[in-house]
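Below you'll find the structure, written out as structure tokens, and then a few comments.
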Amino acid sequence: MAEMMYWQAILRAHDEELARDPLVFAMGEDIGVAGGTYKATSGLYAKYGADRVIDTPISENSYTGLGIGAAMLGCRPIVEIMSVNFAWLAMDQLMNNAAKIHYMSGGKIRCPFVLRVPGGTAHQLGAQHSARMEKVFMGVSGLRVVTPATPRDAYGLLKSAVRCDDPVVLIEHESMYNLKGEVPDEEFFTPLEGVEICRTGKDLSIFAYNISVHWALQAADQLAKEGIDAEVIDLRALKPLDRDGIAASVRKTHRAIIVEEDEAPVGVGSEVIAILNEEAFFALDAAPVRVHARDVPIPYNRRLEKAAIPNAEEVVAAARKLLGR
Amino acid sequence: MEASDQRRLLREMLFARRFEERCAQAYQEREIGGFLHLYPGQEACAIGVLEKARKGQDYVVTGYRDHIHAIQCGVDPRAVMAELFGKETGTSRGRGGSMHIFDIDRHFMGGYALVGGPFPLAIGFAKAIQLRGGDEIAICFLGDGANNQGTFHETMNMASLWNLPVLFVCENNLYGIGTAIERASSEINQYLRVAPYKIAASQVDGQDLDVVMAAAETAIQYVRGERKPYFLELMTYRLRGHSMSDSGAYRSKEEVERWAQRDPIGIYKRRLIDASVIDEAGFRSMDEEILQDIEDNIIRYARESAEPRVEDLERYVYVEGGPKPWLK
Ligand SMILES: Cc1ncc(C[n+]2csc(CCOP(=O)(O)OP(=O)(O)O)c2C)c(N)n1
Ligand SMILES: [Mg+2]
Numbered sequence: 000m001a002e003m004m005y006w007q008a009i010l011r012a013h014d015e016e017l018a019r020d021p022l023v024f025a026m027g028e029d030i031g032v033a034g035g036t037y038k039a040t041s042g043l044y045a046k047y048g049a050d051r052v053i054d055t056p057i058s059e060n061s062y063t064g065l066g067i068g069a070a071m072l073g074c075r076p077i078v079e080i081m082s083v084n085f086a087w088l089a090m091d092q093l094m095n096n097a098a099k100i101h102y103m104s105g106g107k108i109r110c111p112f113v114l115r116v117p118g119g120t121a122h123q124l125g126a127q128h129s130a131r132m133e134k135v136f137m138g139v140s141g142l143r144v145v146t147p148a149t150p151r152d153a154y155g156l157l158k159s160a161v162r163c164d165d166p167v168v169l170i171e172h173e174s175m176y177n178l179k180g181e182v183p184d185e186e187f188f189t190p191l192e193g194v195e196i197c198r199t200g201k202d203l204s205i206f207a208y209n210i211s212v213h214w215a216l217q218a219a220d221q222l223a224k225e226g227i228d229a230e231v232i233d234l235r236a237l238k239p240l241d242r243d244g245i246a247a248s249v250r251k252t253h254r255a256i257i258v259e260e261d262e263a264p265v266g267v268g269s270e271v272i273a274i275l276n277e278e279a280f281f282a283l284d285a286a287p288v289r290v291h292a293r294d295v296p297i298p299y300n301r302r303l304e305k306a307a308i309p310n311a312e313e314v315v316a317a318a319r320k321l322l323g324r
Numbered sequence: 000m001e002a003s004d005q006r007r008l009l010r011e012m013l014f015a016r017r018f019e020e021r022c023a024q025a026y027q028e029r030e031i032g033g034f035l036h037l038y039p040g041q042e043a044c045a046i047g048v049l050e051k052a053r054k055g056q057d058y059v060v061t062g063y064r065d066h067i068h069a070i071q072c073g074v075d076p077r078a079v080m081a082e083l084f085g086k087e088t089g090t091s092r093g094r095g096g097s098m099h100i101f102d103i104d105r106h107f108m109g110g111y112a113l114v115g116g117p118f119p120l121a122i123g124f125a126k127a128i129q130l131r132g133g134d135e136i137a138i139c140f141l142g143d144g145a146n147n148q149g150t151f152h153e154t155m156n157m158a159s160l161w162n163l164p165v166l167f168v169c170e171n172n173l174y175g176i177g178t179a180i181e182r183a184s185s186e187i188n189q190y191l192r193v194a195p196y197k198i199a200a201s202q203v204d205g206q207d208l209d210v211v212m213a214a215a216e217t218a219i220q221y222v223r224g225e226r227k228p229y230f231l232e233l234m235t236y237r238l239r240g241h242s243m244s245d246s247g248a249y250r251s252k253e254e255v256e257r258w259a260q261r262d263p264i265g266i267y268k269r270r271l272i273d274a275s276v277i278d279e280a281g282f283r284s285m286d287e288e289i290l291q292d293i294e295d296n297i298i299r300y301a302r303e304s305a306e307p308r309v310e311d312l313e314r315y316v317y318v319e320g321g322p323k324p325w326l327k
């Protein structure tokens with residue numbers, strides 16, 4: 000078991016898959032010669048060459064479409080878009096083509112396409128560089144959406160995504176590339192479906208994904224000191240969502256908090272609550288609570304930015320309230 | 000041109016250089032955050048073109064490297080700096096940041112982070128001008144890399160098709176972040192890429208202010224008179240990194256050094272000295288005055304201005320007090 004950073008885990012998965020299968024290729028802006036904005040593809044250009052580690056022009060919609068087309072003929076492209084905010088430009092290809100081709104062709108054409116994007120609010124990058132877009136991708140049939148919270152999952156989810164025959168959107172986080180964690184030395188594949196129980200508890204369930212898993216874990220530590228035993232669930236796969244896994248936890252704890260970095264409307268929290276209504280309504284002792292960003296484009300000013308985004312303290316406060324403490 | 004105008008132009012370029020360098024320092028001292036893209040090396044482009052425009056009347060739009068374009072439109076540099084400091088007195092009340100400077104009063108229309116995003120906006124401004132019937136024009140400054148977006152081609156087609164009064168200024172600095180132009184663009188001469196759209200175009204040296212001004216004058220006269228688009232490519236170079244987080248590994252020191260020899264301020268200064276419009280001592284005192292002004296007026300203003308109030312976080316999402324005709 001080695002400790003490595005999130006970006007190194009992503010690099011390792013790329014390297015193994017490029018080495019294994021000549022039809023795997025990586026593509027994106029500044030990923031080759033420059034090694035990637037977050038170093039996640041560094042060294043690959045020298046090793047695999049310009050035909051398989053491709054620096055693209057700034058043409059998101061069309062190189063995403065190129066990746067989708069190549070996937071339809073059996074390649075396994077790993078396309079990187081430098082920031083999820085720029086993925087809006089590729090939405091036509093992603094939503095109209097990648098998500099629908101397998102179904103539209105009556106299951107005859109597969110699209111084993113992987114899109115990697117950093118999402119999230121980092122440090123004062125302003126409204127056009129701070130979007131969280133999980134809700135957009137998970138709302139559309141045909142895509143798979145996963146979000147690694149740790150280096151282990153950054154590796155394992157990318158490995159699974161490359162081998163999967165469906166289009167997979169993998170949402171990373173700008174603030175997590177230097178996060179350290181243990182990653183097993185042997186090859187492994189993290190499931191693209193199902194929740195991960197990060198910490199077991201009996202008093203309430205805290206559902207989180209991506210960076211909010213860390214807020215949830217910090218909150219659970221604090222709550223433990225106050226005698227509250229929180230279960231922390233990393234949703235990890237946002238599409239399809241694990242209905243049974245979500246319901247099972249709440250049948251045990253009877254209370255739920257959902258923590259999302261995004262603003263609340265039409266989001267992960269809304270979806271989890273809908274699932275709880277449908278699957279576990281009578282197991283609930285209290286109405287589920289969402290901890291989420293404020294409903295604003297993210298401001299540049301540091302204080303305003305902080306105020307717009309949730310944190311561990313807000314999770315703690317929500318838990319206390321939910322338990323009437 | 001009058002000697003006093005020549006001195007003013009030299010001063011504007013030097014001010015632009017010092018302003019940006021001071022931003023870099025403030026960034027290192029953490030008074031500025033986020034992404035910061037600076038302009039050194041390219042000063043003659045914005046300053047030369049806008050010298051020939053009607054400042055405050057023509058509508059100007061650009062990308063994220065926007066401080067100097069804004070200032071050349073007449074936006075108060077103190078308000079630009081205050082925006083970078085995230086203050087309530089900033090051009091966007093601290094909500095926008097470096098990449099999102101706006102000033103509708105000065106017809107400076109932004110400040111956008113997404114490469115290629117401003118192209119369609121620019122023809123929207125031109126369309127509005129056309130409908131309103133004025134003789135202003137729209138001016139869109141973008142980089143070479145932006146021309147690989149679909150919006151470039153779609154915009155050029157419509158601009159030409161509908162005779163929209165817009166000047167596209169391509170500041171070709173040979174790189175999009177770390178990707179050299181010949182690795183991203185199948186035709187490296189950007190002005191040739193608009194030919195199929197029947198748009199008049201030219202390419203000139205962007206390091207020589209006089210050359211830029213002459214080309215801009217022709218281009219702007221054409222757009223204003225003919226009410227048609229024009230595409231002006233300025234060959235330039237950024238002497239600093241793409242943003243503050245740039246290792247510079249993608250280009251050689253010798254290359255940067257070679258372009259530093261063609262620094263637009265150096266070229267223009269030499270010309271003015273040779274013409275006895277200014278001397279070394281005059282240049283030095285100009286520089287000192289600028290540095291003093293930046294420190295005493297601009298930085299101080301930004302530093303002493305108040306932060307936005309956290310209670311105001313949700314203001315400006317929607318228009319306050321706008322018409323609600325559905326209410327009686
Ligand atoms: C849609 C989009 N894709 C990618 C980026 C990341 N990015 C920021 S600047 C830049 C390079 C732009 O190059 P160019 O147009 O030549 O402008 P320059 O910075 O050289 O002036 C890239 C790829 C972005 N901001 N927006
Ligand atoms: Mg460029």
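In the order they appear, the protein sequences are chains S and U. Heads up, the first sequence is in numbering that gives the first Met the number 0, so the first residue is 0 and it goes up one at a time. Heads up, the second sequence is in numbering that gives the first Met the number 0, so the first residue is 0 and it goes up one at a time. Ideal Cβ placement from N, Cα and C applies to all residues, glycine included. All values derive from a computational prediction rather than experimental measurement.
For S:HIS122, count neighbouring C-beta atoms within 10 Å of its own C-beta (all shown protein chains included) and say buried if the count is 16 or more, exposed if not. As a working mapping, residue 122 of chain S is identified with position 123 in the first sequence. It counts as exposed.
Return the residues of the stretch 288-318 of chain U that lie within a Cβ-Cβ distance of less than 7 Å from chain S, sorted by chain order. GLU306, PRO307, VAL309, LEU312, GLU313, VAL316
Compare the C-beta of S:SER174 with all C-beta atoms of chain U and state if any pair is closer than 9 Å. If you number the first sequence from 1, residue 174 of chain S lands on position 175. No, its Cβ sits nowhere closer than 9 Å to a Cβ of chain U.
Roughly how many angstroms separate the alpha carbons of S:ALA45 and U:ALA248, rounded to a whole number? Indexing the first sequence from 1 puts residue 45 of chain S at position 46. Indexing the second sequence from 1 puts residue 248 of chain U at position 249. Each residue's Cα considered, the two are about 15 Å apart.
Closest Cα partner of S:VAL290 within the set S:TYR5, S:GLY200, S:GLU313: Along the first sequence, one-based indexing puts residue 290 of chain S at 291. Considering only alpha carbons, the answer is S:GLU313.
Rounded to whole angstroms, what's the CA-CA distance from S:ASN209 to S:GLY226? Just pull it up for me. Your numbering for residue 209 of chain S matches position 210 in the first sequence. Your numbering for residue 226 of chain S matches position 227 in the first sequence. Their Cα atoms are separated by approximately 26 Å.
U:GLU253 versus U:GLU310: straight-line alpha-carbon distance, rounded: If you number the second sequence from 1, residue 253 of chain U lands on position 254. If you number the second sequence from 1, residue 310 of chain U lands on position 311. Distance between the alpha carbons of U:GLU253 and U:GLU310 is about 52 Å.
Under 6 Å, CB to any heavy atom of ligand 2. Which residues pass, going along the chain? U:GLY142, U:ASP143, U:GLY144, U:ASN172, U:TYR174, U:GLY175
Report yes if the C-beta of U:VAL114 is less than 8 Å from at least one heavy atom of ligand 1; otherwise report no. The residue labelled residue 114 of chain U in the question sits at position 115 within the second sequence. Yes, the Cβ of U:VAL114 comes within 8 Å of a heavy atom of ligand 1.
Contact belief for S:ALA285 with S:LEU321 at Cβ below 8 Å, rounded distance in angstroms: For the purposes of this step, residue 285 of chain S is identified with residue 286 of the first sequence, where counting begins at 1. For the purposes of this step, residue 321 of chain S is identified with residue 322 of the first sequence, where counting begins at 1. S:ALA285 to S:LEU321, Cβ: 6 Å. Contact.
Only counting runs of 3 or more residues, tell me where the beta strand (DSSP E) segments fall wholly within the stretch 27-68 of chain S, in order along the chain. 52-54
Please report the distance separating the alpha-carbon of S:LEU203 from that of U:LEU141. In the first sequence, residue 203 of chain S corresponds to position 204, counting from 1. In the second sequence, residue 141 of chain U corresponds to position 142, counting from 1. So the two alpha carbons sit approximately 52 Å from each other.
Below 8 Å on the Cβ atoms is my contact criterion, and I expect S:VAL144 with S:LEU237 to pass it. Report the Cβ-Cβ distance as a whole number of Å. Walking along the first sequence from the start, residue 144 of chain S turns up at place 145. Walking along the first sequence from the start, residue 237 of chain S turns up at place 238. Confirmed, Cβ separation roughly 4 Å.
Are the stretch 172-191 of chain U and the stretch 86-106 of chain S touching by the rule of at least three beta carbon pairs closer than 8 Å? no
Measuring straight from C-alpha to C-alpha, what distance separates S:LEU88 and U:ASP278? Here residue 88 of chain S refers to the residue found at position 89 when the first sequence is read from its first residue. Here residue 278 of chain U refers to the residue found at position 279 when the second sequence is read from its first residue. C-alpha separation (whole angstroms): 51 Å.
C-alpha gap between U:GLY115 and S:HIS253, whole angstroms: To locate residue 115 of chain U, count along the second sequence from 1; it is residue 116. To locate residue 253 of chain S, count along the first sequence from 1; it is residue 254. Going from the Cα of U:GLY115 to the Cα of S:HIS253 covers about 50 Å.
Taking Cβ to Cβ, would you say U:GLN189 is nearer than 9 Å to U:CYS169? Residue mapping note: residue 189 of chain U aligns to position 190 of the second sequence, counting from 1. Residue mapping note: residue 169 of chain U aligns to position 170 of the second sequence, counting from 1. It is a contact, given that the beta carbons lie within the stated cut-off.
Please tell me whether, using a cut-off of 8 Å, the distance from the CB of S:GLN7 to the nearest non-hydrogen atom of ligand 1 is below it. By 1-based counting over the first sequence, the position of residue 7 of chain S is 8. Not under cutoff, so the answer is no.
Can you give me the start and stop residues for the beta strand (DSSP E) that U:TYR229 sits inside? Mapped onto the second sequence, residue 229 of chain U falls at position 230. Taken as a continuous stretch (DSSP letters only), the beta strand (DSSP E) holding U:TYR229 covers 229-234.
So if DSSP puts S:MET3 in a beta bridge, which residue, or which two residues, is it bridged to? Locating residue 3 of chain S in the first sequence gives position 4, where the first residue counts as 1. BP columns for S:MET3 point to S:GLY180.
Should U:GLY358 be listed as close to ligand 1, given that the test is whether its C-beta is under 8 Å from any heavy atom? No statement about residue 358 of chain U is possible, as the shown extent of chain U runs from 0 to 327 and does not include it.
Can you tell me whether DSSP reads S:PRO150 as helix, strand or coil? On the first sequence, residue 150 of chain S is found 151 positions in, with the first residue counted as 1. Helix at S:PRO150.
Between the C-alpha atoms of S:MET0 and S:ALA97, what's the straight-line distance to the nearest angstrom? Taking the first sequence and counting its residues from 1, one reaches residue 0 of chain S at position 1. Taking the first sequence and counting its residues from 1, one reaches residue 97 of chain S at position 98. Answer to the nearest angstrom: the Cα atoms are 36 Å apart.
In chain order, what residues of the same chain have a beta carbon less than 6 Å from the beta carbon of U:VAL222, not counting five sequence neighbours either side? As a first step, residue 222 of chain U must be located in the second sequence, where it is residue number 223. So the list reads ILE136, PRO164, LEU166, TYR229, once near-sequence residues are dropped.
Chain U partners of S:PHE281, CB-CB under 9 Å? As a position in the first sequence, residue 281 of chain S is number 282, starting the count at 1. Neighbours of S:PHE281 on chain U: none; closest Cβ ~36 Å, over 9 Å.
Quick check on the burial criterion: 16 or more other C-beta atoms within 10 angstroms. Buried or exposed for U:VAL48? In the second sequence, counting from the first residue as 1, residue 48 of chain U sits at position 49. Under this definition U:VAL48 is a buried residue.
N-terminal and C-terminal residue of the beta strand (DSSP E) that U:ALA199 is part of: The residue you call residue 199 of chain U lines up with position 200 of the second sequence. 199-204 is the extent of the beta strand (DSSP E) around U:ALA199.
Count the CB pairs spanning the stretch 71-79 of chain U and the stretch 44-60 of chain U that are closer than 8 Å, and state whether there are at least three. yes
Could you round the C-beta distance between S:LEU169 and S:PHE206 to whole angstroms and report it? I think they count as a contact, below 8 Å. For the purposes of this step, residue 169 of chain S is taken as residue 170 along the first sequence, with counting starting at 1. For the purposes of this step, residue 206 of chain S is taken as residue 207 along the first sequence, with counting starting at 1. Between S:PHE206 and S:LEU169 the Cβ distance is about 20 Å, and since that is not below 8 Å, they are no contact.
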